[in-house]
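In full-length UniProt numbering, the protein residues as written are 1 to 625.
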């Protein structure tokens with residue numbers, strides 16, 4: 001019976017995964033083949049050239065997606081979770097290397113994560129634009145309205161984010177399935193007319209084309225990369241669906257339909273070279289053009305939604321791991337844990353996307369900006385997964401190199417080819433990624449300096465407890481002090497004694513520890529330590545995908561200590577640290593000012609840890625770094 005249930009559940013989960021996981025790669029046929037021929041700069045549309053480019057596309061899909069991501073990378077799971085931040089956390093835990101060398105791992109992870117933020121800006125822009133551009137095939141009258149229509153669609157999408165995607169998400173899978181079926185059907189209709197095109201599956205066409213046109217091939221690779229955009233999403237969304245539904249969806253639906261559509265577009269070009277203007281929409285019969293434009297727009301919106309949700313999820317992971325300042329995070333679903341909304345990021349993404357659409361105007365122009373972000377992210381994944389295989393799977397170095405070098409070489413070529421478009425748009429993801437890396441590294445380093453300064457300037461907690469005696473007035477109730485440095489006296493406690501001249505009957509130091517695993521089991525949530533009859537130290541452990549809730553965790557801690565939990569008898573003391581710049585060691589002045597600015601604009605600790613505001617006492621302190 002259990003077996004039957006599993007079998008029944010797998011197709012249903014695979015259907016749900018279609019809408020989330022494959023949205024990005026599923027919209028690639030809208031523009032990828034067109035851009036590949038545009039990159040050829042006047043290369044004649046002869047059978048050997050068409051088959052050569054199609055063969056390159058087919059084998060990139062097989063090597064990068066089917067073999068690298070589906071067969072290899074998805075086996076590197078962090079307690080079921082995937083994505084570059086999960087892979088980074090996994091490597092930091094598994095890799096037996098010195099702390100000084102771990103900074104290079106962190107840097108690679110940060111670069112990959114930052115470029116994913118860039119992807120979150122470019123994907124909605126290019127997907128929606130390329131879908132709406134189908135209107136110009138239907139009629140020239142609508143040409144001036146393509147950009148405004150795209151902006152309206154994107155704006156509507158972001159306005160919906162605060163309501164969550166629980167309701168519309170139910171339709172994502174069926175709509176995306178319909179989209180892929182349409183891709184496959186129109187591809188088959190075209191291939192039947194020109195079956196010669198099926199020769200693309202033979203690698204000799206790709207090899208022949210590369211040797212015949214070596215320089216041209218290099219340029220074309222910069223466009224071919226557009227066919228594998230979304231590879232990172234397969235891995236990043238593994239935690240939501242598991243590897244089995246993703247593999248089933250890829251091999252049974254997505255891969256066949258994509259290959260058939262690219263083949264169909266190629267067959268159309270062999271019959272009518274002038275169709276290079278927009279081979280995707282010209283593949284569709286005239287009676288089906290408007291329905292296909294509507295379906296393509298819906299697919300583009302779904303692809304955009306998947307990337308936006310991925311950016312929100314990645315940002316939350318980075319916040320939890322201490323790489324980003326606390327941002328206001330709202331949960332849009334009571335049942336779905338991953339459904340979150342980050343207002344600041346939402347409006348930042350919208351503004352950035354609208355600016356991109358206004359600057360680049362067409363999907364062809366935006367394609368130049370797209371490739372570099374994707375290829376660099378893939379290269380970061382390859383490096384991190386090779387380190388994982390070496391340390392976690394305990395493969396020998398020659399064996400690891402034998403497996404990884406082909407992917408590394410292929411992706412390095414794709415990066416180099418995409419770099420040729422640096423000045424025509426490739427600068428966009430690099431600029432976005434560079435800003436994101438700077439923010440991540442500055443916040444991480446600033447926190448390290450702040451904690452080091454607190455450790456240095458504050459009394460040891462053990463010494464303080466022993467020397468306290470009976471000189472301080474005790475008042476009824478519990479005082480909970482949230483602190484990142486559990487071995488020293490919190491500033492809030494010192495200020496409470498200094499200004500109010502009192503201590504509570506029970507003083508509890510609470511430190512939230514974020515582990516490098518996605519989730520921490522409930523039974524391992526808290527650890528308690530009694531320092532003396534009035535002082536206790538509690539550590540609360542969360543994974544980087546857990547939702548921190550300090551009052552709820554304290555219920556569990558109080559049970560372990562044998563105390564009665566009454567929230568109305570607890571006061572939460574929080575230090576509101578004012579960071580100021582000082583001359584000396586640390587970061588450069590501009591980075592310190594950036595860190596100070598971010599620290600001042602973080603969301604309140606009480607909101608982030610879900611502490612009732614009427615139970616919070618904030619006491620200010622000044623820290624020089």
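All C-beta atoms in this analysis are idealised placements derived from N, C-alpha and C, irrespective of residue type, glycine included.
- Under the DSSP assignment, residue 263 falls in the alpha helix (DSSP H) whose first and last residues are 255–271.
- Assignment of residue 539 by DSSP, reduced to helix, strand and coil, places it in the strand class.
- The beta-carbon separation of residue 518 and residue 307, rounded to 20 Å, does not stay under the 8 Å limit for a contact.
- Pairwise C-beta distances place the stretch 124–140 in contact with the stretch 294–306, as three or more of them are shorter than 8 Å.
- Within the same chain, Cβ atoms closer than 6 Å to the Cβ of residue 230 are found at 24, 25, the five residues on either side in sequence being excluded.
- Taken atom to atom, the span from the alpha-carbon of residue 371 to that of residue 418 is near 6 Å.
- Take residue 409, set aside five residues on each side of it, and no residue of its chain has a beta-carbon closer than 7 Å to its own.
- In this structure, DSSP gives residue 35 a helical state, which the three-state scheme calls helix.
- At a Cβ-Cβ threshold of 9 Å, residue 110 and residue 440 count as neighbours.
- Residue 532 sits in coil when the DSSP states are folded into three classes, being neither helix nor strand.
- Secondary structure within the UniProt domain "K+ potassium transporter C-terminal" (476–625): the beta strand (DSSP E) runs of 3 or more consecutive residues, fully enclosed, are 502–514, 526–530, 535–542, 570–580, 616–624 (chain order).
- Remark: three or more beta-carbon pairs, one from each stretch, lie closer than 8 Å, so the stretch 184–198 and the stretch 268–288 are flagged as touching.
- Under the DSSP definition of a beta bridge, residue 78 partners with 81.
- In the structure shown, residue 327 adopts coil according to DSSP, grouped into three states.
- Shown here, residue 396 sits in coil according to DSSP, grouped into three states, outside any helix or strand.
- For residue 295, the number of other beta carbons within 10 angstroms of its own is at least 16, and it is reported as buried.
- Taking a contact as a CB-CB distance under 8 Å, the pair residue 94 and residue 541 does not count as one, their CB atoms being some 19 Å apart.
- Proximity to residue 68 across 488, 607, 289, 405 peaks at 405, based on C-alpha coordinates.
- Annotation for residue 54: the continuous alpha helix (DSSP H) segment containing it runs 47–60.
- In summary, residue 11 is exposed, with fewer than 16 beta-carbon neighbours lying within 10 Å of its beta-carbon over all protein chains present.
- Residue 460 sits in a strand when the DSSP states are folded into three classes.
- Taking every protein chain shown into account, the CB of residue 552 has fewer than 16 other CB atoms within 10 angstroms, so this residue is exposed.
- The continuous stretches of alpha helix (DSSP H) do not include residue 285, and DSSP gives it neither H nor E.
- Restricting attention to 588, 594, 264, the CA atom closest to the CA of residue 282 is found in 264.
- DSSP, read as helix, strand or coil, puts residue 473 in strand.
- Within its own chain, the residues whose Cβ lies closer than 8 Å to the Cβ of residue 154, once the five positions on either side in sequence are excluded, are 124, 125, 128, 304, 350, 353, 354, 357, listed in chain order.
- Apart from sequence neighbours up to five positions away, the residues of its chain that approach residue 298 with a beta-carbon distance below 7 Å are 175, ordered along the chain.
- Apart from sequence neighbours up to five positions away, the residues of its chain that approach residue 79 with a beta-carbon distance below 7 Å are 517, 518, 519, ordered along the chain.
- Collapsing the DSSP output to three states places residue 340 in a strand.
- Annotation: the continuous alpha helix (DSSP H) that includes residue 109 extends over 99–132.
- Residue 163 counts as exposed, since fewer than 16 other C-beta atoms from the protein chains shown sit within 10 angstroms of its C-beta.
- Segment contact: the stretch 70–77 against the stretch 229–248, three or more CB-CB distances shorter than 8 Å; contact assigned.
- In this structure, residue 84 sits near residue 381, with a CB-CB distance shorter than 9 Å.
- DSSP places residue 346 in the helix class (H, G or I) of the three-state scheme.
- In this structure, residue 442 lies near residue 594, with their beta-carbon atoms less than 9 Å apart.
- Contact annotation, residue 428 with residue 369: C-beta distance approximately 4 Å; criterion of less than 8 Å satisfied.
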